[in-house]
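Peer 1:
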Amino acid sequence: MSTAGATREAISAAWRVESARLIGALARLVRNLDLAEDLAQEALVAALEKWPESGIPDNPGAWLMAAAKNRAIDRARKQRLVDHKHGAMSGEIAGAPPQVPDLESAIDEDVGDDLLRLILISCHPVLPTEGRVALTLRLLGGLTTDEIARAFLVPEPTVAQRIVRAKRTLAEARVPFELPRGPELVARLPSVLEVAYLIFNEGYSATRGDELIRTDLCEDALRLGRMIAGHVPDNAEVHGLVALMELQASRARARVDANGQPILLLEQDRSKWDRLLVNRGLSALARAEAMAQPLGPYTLQAAIAACHARARRAGDTDWKRIVALYDALVEMTGSPVVELNRAVAVGMAFGPAQGLELVDTLVDEPALEHYHLLPSVRGDLLAKLGRKDEARAEFERAAKMAQNSREKELLLARARSCEPRN
Amino acid sequence: MRVMVMVKASKNSEAGVMPSEKLLTEMGKFNEELVKSGIMLAGDGLHPSVKGKRIRFGGGKKQVIDGPFAETKELVAGYWIWQVKSMDEAVEWVRRCPDPMPGEESEIEIRPIFSPEDFGPALTPELRAKEEALRAESERLKRS
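Keeping their order, the protein sequence lines are chains V and C.
When we follow the working numbering, the leftmost residue of the first sequence carries the number 148, and every step to the right adds one.
When we follow the working numbering, the leftmost residue of the second sequence carries the number 40, and every step to the right adds one.
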């Protein structure tokens, strides 16, 4: 790589490391997310101009911050001039000093929580979920709109528009830039955790498209989760979510075969599970469990994932404990999807007949009408009971409903495996 | 990608000189940054090599050698495991690290950790066989 190329790479890396903190700090100062992003971008442009000649500064973060600060002050001065002229002409503020925030001193304040501030703003409950997701990936993950569009398989202008709208909504709602504390902060967390888990799931079980796992997206979500845990270390559900994501991610490389076909949990080669992530997941779960009773929904799901992580062979899985954890989760969420999962666990713990009995109570559930895993689970239990014809019909139905082409293939293969042998 | 970041040993670290309070504070702050930015997966400091052992393999024999070991600069005094987007990002983070061995020359080395994808076709014969069997099976299913 040429020197210029190397510098460019280094600048983009510095940008990745610094941009979120920079935008967070600038948002605190200028109280406008759009302007904060503009200023940060201008600092980046300045770096692209200067660094190839001057070399990369010892402290790139401080350099970028100083550059952005100079631009912020420039703008404030110009604004002050405009305001002053206006004031003088209308006589409104004659004699009064112009009111602008003291940028010069504010900029040197402690910026320790600027990342958290940016997370909370990006995940603000006034925003629709897709706006929160796009803004978070853009500002915290450092993804371009194009990268976000590709990750979520939507056209780029759609993502760009979501971001523009989200920023406008934040400005119109006059969302405060102060960091909430105590119970106020806790109240904001569900919306943040939801965004992280949504991004993770989109990466982990891509709902559409040809790839089953989009690793980058999983890593972005995990990073976000770890970031939140680093900032809010005393919240049980934050650790619960991190545990859940670490444990699920630990299986990523065992989840697809060399041809990209999905491998079911019980058939995975457990030696391929990522031990570092398993251990991180288990210790995050231990932290969450030590903090909260009763356990929250993320922690409960992590506890279920941990039952699998702890079993060295599929046959060692403690299904009875999993059923008990699902009982608690059903009670808490009332979600039919969770009930379906519970039925699977019941089938494993107490036999397919009992599992099927539970699934049959869910077939008329409107929320599951288009959920391909309902016929898929039913097919599995029927197959185990030797009712092959019914099983095949269920797998075929599931394949029609599945949107991921890899999953579709797996389901069709299962349907074929139920065909009578000759 | 995952990287291992190794803080190389120095005369002082090998002599068991403990880091100053100032360095501990600065390192603590840096570690906090790493955690808050979501990139730190693991990390620890290592005792000097005087407490270490080596097992030398060769000629079908295994020989246990007690520390300390010479070649100070090649020894590792501490390590982190980071999750980063690129080697450049790892370099940027190391730039932010306080001087780990103040008053001495020292190095921090970054090495990317292998992921299964790196092995590509060099899978074990057993895995390759498994894969081929699967492919044959899917062909059979397609024809049926």
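Note that CB positions come from ideal geometry on N, CA and C, so glycine has one too.
Distance check for residue 103 (chain C) and residue 49 (chain C), CA to CA, integer angstroms please.
Peer 2: For the purposes of this step, residue 49 (chain C) is identified with residue 10 of the second sequence, where counting begins at 1. For the purposes of this step, residue 103 (chain C) is identified with residue 64 of the second sequence, where counting begins at 1. So the two alpha carbons sit approximately 24 angstroms from each other.
Peer 1: Can you name the residues that DSSP bridges to residue 81 (chain C)?
Peer 2: In the second sequence, residue 81 (chain C) corresponds to position 42, counting from 1. Answer is C:120, bridged to residue 81 (chain C).
Peer 1: For residue 96 (chain C), name the three-state secondary structure that DSSP assigns.
Peer 2: Taking the second sequence and counting its residues from 1, one reaches residue 96 (chain C) at position 57. Three-state DSSP puts residue 96 (chain C) in a strand.
Peer 1: Just to confirm my understanding: we take residue 146 (chain C), look at its own chain, exclude 5 residues before and 5 after, and list those with CB closer than 6 angstroms. What are they?
Peer 2: One-based indexing of the second sequence puts residue 146 (chain C) at position 107. The answer, listed in chain order, is 47.
Peer 1: When the distance is taken between beta carbons, is residue 215 (chain V) closer than 8 angstroms to residue 190 (chain V)?
Peer 2: In the first sequence, counting from the first residue as 1, residue 190 (chain V) sits at position 43. In the first sequence, counting from the first residue as 1, residue 215 (chain V) sits at position 68. In contact: residue 190 (chain V) and residue 215 (chain V) (Cβ atoms closer than 8 angstroms).
Peer 1: On a CA-only basis, which of V:327, V:186, V:279 is nearest residue 217 (chain V)? Give me that one, please.
Peer 2: The count along the first sequence starts at 1 and reaches residue 217 (chain V) at position 70. The shortest C-alpha separation from residue 217 (chain V) is found at V:186.
Peer 1: Would you mind giving the Cβ-Cβ distance between residue 167 (chain V) and residue 212 (chain V), rounded to the nearest angstrom? I have them listed as a contact below 8 angstroms.
Peer 2: Taking the first sequence and counting its residues from 1, one reaches residue 167 (chain V) at position 20. Taking the first sequence and counting its residues from 1, one reaches residue 212 (chain V) at position 65. Contact doesn't hold; Cβ gap of about 13 angstroms is too wide.
Peer 1: Determine, for residue 614 (chain V), whether the minimum Cβ-Cβ distance to residues of chain C falls below 8 angstroms.
Peer 2: The requested residue 614 (chain V) does not occur in the structure, where chain V is confined to residues 148 to 569.
Peer 1: Using CA atoms only, rank isn't needed, just tell me which of V:483, V:419, V:486 is closest to residue 456 (chain V).
Peer 2: Residue 456 (chain V) sits at position 309 when you count from the first residue of the first sequence. The candidate whose alpha carbon is nearest that of residue 456 (chain V) is V:419.
Peer 1: Can you name the start and end residues of the beta strand (DSSP E) that residue 46 (chain C) belongs to?
Peer 2: Position 7 of the second sequence holds residue 46 (chain C). First-last of the beta strand (DSSP E) with residue 46 (chain C): 41-47.
Peer 1: Closer than 7 angstroms, Cβ to any Cβ of chain C: which residues of the segment 160-179 of chain V, in chain order?
Peer 2: Within the segment 160-179 of chain V, the residues whose Cβ lies closer than 7 angstroms to some Cβ of chain C are 160, 161, 163, 164, listed in chain order.
Peer 1: State the CB to CB distance for the pair residue 494 (chain V) and residue 528 (chain V), rounded to an integer number of angstroms; the pair is presumed to be in contact (CB under 8 angstroms).
Peer 2: Mapped onto the first sequence, residue 494 (chain V) falls at position 347. Mapped onto the first sequence, residue 528 (chain V) falls at position 381. Confirmed, Cβ separation roughly 5 angstroms.
Peer 1: Counting only runs that start and end within the segment 124-151 of chain C, where is the alpha helix (DSSP H) found for 4 or more residues in a row?
Peer 2: 126-134
Peer 1: Tell me, please, which residues DSSP counts as bridged to residue 115 (chain C).
Peer 2: Residue numbering aside, residue 115 (chain C) sits at position 76 when the second sequence is read from its first letter. Bridge partners of residue 115 (chain C): C:47.
Peer 1: Output the distance between the C-alpha atoms of residue 254 (chain V) and residue 209 (chain V), rounded to the nearest integer angstrom.
Peer 2: Translated into the one-based positions of the first sequence, residue 254 (chain V) becomes position 107. Translated into the one-based positions of the first sequence, residue 209 (chain V) becomes position 62. Only weak support is given to the placement of residue 254 (chain V): the predicted model assigns it a pLDDT of 49, under 50, and the value that follows is read from those uncertain coordinates. If I take the Cα positions, the gap works out to 11 angstroms.
Peer 1: For a contact defined as C-beta to C-beta under 7 angstroms, what are the partners of residue 468 (chain V) on chain C?
Peer 2: Along the first sequence, one-based indexing puts residue 468 (chain V) at 321. Residue 468 (chain V) does not reach chain C, its nearest Cβ partner there being about 28 angstroms away, counting only Cβ pairs nearer than 7 angstroms.
Peer 1: State yes or no: is the beta carbon of residue 119 (chain C) nearer than 8 angstroms to at least one beta carbon in chain V?
Peer 2: Start at 1 with the first residue of the second sequence, and residue 119 (chain C) comes out as number 80. For residue 119 (chain C), the answer is no, since every Cβ of chain V falls outside 8 angstroms of its Cβ.
Peer 1: Under the three-state reduction of DSSP, which class applies to residue 102 (chain C): helix, strand or coil?
Peer 2: Position 63 of the second sequence, counted from the start, is the residue given in the question as residue 102 (chain C). Here residue 102 (chain C) sits in strand by DSSP.
Peer 1: Can you pull the chain B residues whose beta carbon is under 8 angstroms from the beta carbon of residue 127 (chain C), in chain order?
Peer 2: In the displayed structure, chain B is absent; the protein chains listed are V and C.
Peer 1: Per DSSP, which one or two residues make a beta bridge with residue 403 (chain V)?
Peer 2: Residue mapping note: residue 403 (chain V) aligns to position 256 of the first sequence, counting from 1. DSSP output for residue 403 (chain V) lists V:409 as bridge partner(s).
Peer 1: Between the beta-carbon of residue 453 (chain V) and the beta-carbon of residue 432 (chain V), is there less than 8 angstroms?
Peer 2: Residue mapping note: residue 453 (chain V) aligns to position 306 of the first sequence, counting from 1. Residue mapping note: residue 432 (chain V) aligns to position 285 of the first sequence, counting from 1. Yes. Within cutoff.
Peer 1: Can you tell which of V:514, V:175, V:388, V:543 has its C-alpha closest to the C-alpha of residue 326 (chain V)?
Peer 2: Along the first sequence, read from residue 1 onward, the residue named residue 326 (chain V) stands at position 179. That would be V:175, whose Cα lies nearest to the Cα of residue 326 (chain V).
Peer 1: Looking at chain V, which residues of the segment 124-155 of chain C have a Cβ within less than 9 angstroms of any of its Cβ atoms?
Peer 2: 124, 125, 126, 127, 128, 129, 130, 131, 132, 134, 135, 154, 155
Peer 1: Going by Cα to Cα distance, which pick from V:369, V:406, V:265, V:462 is closest to residue 391 (chain V)?
Peer 2: In the first sequence, counting from the first residue as 1, residue 391 (chain V) sits at position 244. The residue with the shortest Cα to Cα distance from residue 391 (chain V) is V:369.
Peer 1: Whole angstroms is fine: what's the gap from residue 149 (chain C)'s alpha carbon to residue 565 (chain V)'s?
Peer 2: Taking the second sequence and counting its residues from 1, the one referred to as residue 149 (chain C) is at position 110. Taking the first sequence and counting its residues from 1, the one referred to as residue 565 (chain V) is at position 418. So the alpha carbons of these two residues sit roughly 52 angstroms apart.
Peer 1: Quick one: does residue 407 (chain V) have its CB under 8 angstroms from some CB of chain C?
Peer 2: For the purposes of this step, residue 407 (chain V) is taken as residue 260 along the first sequence, with counting starting at 1. Closer than 8 angstroms: no.
Peer 1: Whole angstroms is fine: what's the gap from residue 73 (chain C)'s alpha carbon to residue 408 (chain V)'s?
Peer 2: Working through the second sequence from its first residue, we reach residue 73 (chain C) at position 34. Working through the first sequence from its first residue, we reach residue 408 (chain V) at position 261. Rounded to whole angstroms, residue 73 (chain C) to residue 408 (chain V) spans 36 angstroms at the Cα level.
Peer 1: Would you report the Cα separation of residue 296 (chain V) and residue 125 (chain C), rounded to the nearest angstrom?
Peer 2: Mapped onto the first sequence, residue 296 (chain V) falls at position 149. Mapped onto the second sequence, residue 125 (chain C) falls at position 86. Going by the C-alpha atoms only, they are around 21 angstroms apart.
Peer 1: Near residue 239 (chain V), which residues of its chain fall below 7 angstroms by C-beta distance, leaving aside the five closest residues on each side in sequence?
Peer 2: Locating residue 239 (chain V) in the first sequence gives position 92, counting from the first residue. For residue 239 (chain V), the predicted structure reports a pLDDT of 45, less than 50, and the residue's modelled location is therefore unreliable. The matter cannot be settled from this model.
Peer 1: Would you list, in chain order, the members of the segment 515-526 of chain V that have their beta-carbon closer than 7 angstroms to a beta-carbon of chain C?
Peer 2: none
Peer 1: Only counting the same chain, and skipping five residues up and downstream in sequence, which positions put a Cβ closer than 8 angstroms to that of residue 429 (chain V)?
Peer 2: Residue numbering aside, residue 429 (chain V) sits at position 282 when the first sequence is read from its first letter. Within the same chain, residue 429 (chain V) has close Cβ partners 390, 394, 453, 456, 457.
Peer 1: Following the continuous alpha helix (DSSP H) through residue 420 (chain V), name the residue where it begins and the one where it ends.
Peer 2: Locating residue 420 (chain V) in the first sequence gives position 273, where the first residue counts as 1. First-last for residue 420 (chain V): undefined, no H or E at that position.
Peer 1: Answer with yes or no whether the minimum CB distance from residue 378 (chain V) to chain C is below 8 angstroms.
Peer 2: Locating residue 378 (chain V) in the first sequence gives position 231, counting from the first residue. Output row for residue 378 (chain V): interface = yes.
Peer 1: Per DSSP, what kind of secondary structure is residue 551 (chain V) in: helix, strand or coil?
Peer 2: The sequence position of residue 551 (chain V) within the first sequence is 404, counting from 1. Three-state DSSP puts residue 551 (chain V) in a strand.
Peer 1: Assess, as a yes-or-no matter, whether the segment 304-316 of chain V is touched by the segment 368-385 of chain V under the definition of 3 or more beta carbon pairs within less than 8 angstroms.
Peer 2: no
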